[in-house]
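One structure below.
Numbering (this note's numbering), first residue to last: 4 to 156.
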């Protein structure tokens, strides 16, 4: 009998890319926690040429505040422990993007410490969804019901 893997689709917010905004290699994804902080949740497999072109039109660099400071919610470079790079102990360099684009992704069932255990597959952009439509991150004891969403305060 063969080995079966359970996979499902869900949504996440694009917070960064490896490569460049004009030629992204992989996406760094996140979801809001209950306090409204965008938390890192995973990374995609490398994108196809078609997917790169599709995303180039949607992604924009993080914008500085009035004081000229970029206030992206994640450190740059991304700590190695966050990115799940067990074969590489060094931090992951990436380009921070304005976290306004929602992506549909295909995920495995392995999820711990608010992150997908394995890389996810990018399916398509979801311009019909706001970042506040993406499911929230929950504590382990809470029910991660897909009907619970973030709300713009």
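Yeah, the Cβ is synthetic: ideal placement off N, Cα and C, and Gly gets one too.
- With contacts defined as CB atoms closer than 8 Å, residue 110 and residue 11 qualify as a contacting pair.
- With a 10 Å radius around the Cβ and a threshold of 16 neighbouring Cβ atoms, residue 84 comes out exposed.
- With at least 16 other beta carbons inside 10 angstroms of its own, residue 102 counts as buried.
- Of all alpha-carbon atoms in 97, 46, 39 and 14, the one lying nearest the alpha-carbon of residue 64 is that of 97.
- Boundaries around residue 56 are those of the alpha helix (DSSP H), 52 to 59, since no beta strand (DSSP E) includes it.
- When rounded, the separation of the alpha-carbon atoms in residue 56 and residue 28 is 11 Å.
- Checking the DSSP bridge columns, you'll see residue 113 has no partner listed.
- One thing to note: residue 18 has its Cβ no nearer than 8 Å to the Cβ of residue 118.
- Around the Cβ of residue 113, a 10 Å sphere holds fewer than 16 other Cβ atoms; the residue is exposed.
- Taking each of 50, 14 and 53 in turn and checking the Cα distance to residue 33, the smallest one comes out for 14.
- The residue among 138, 122 and 133 with its C-alpha nearest the C-alpha of residue 30 is 122.
- Each of 76, 94 and 59 was checked against the Cα of residue 43, and the nearest Cα belongs to 76.
- Cβ contact annotation for residue 100 (same chain, cutoff 8 Å, sequence separation greater than five): 17, 18, 19, 20, 24, 62, 63, 64 and 65, in chain order.
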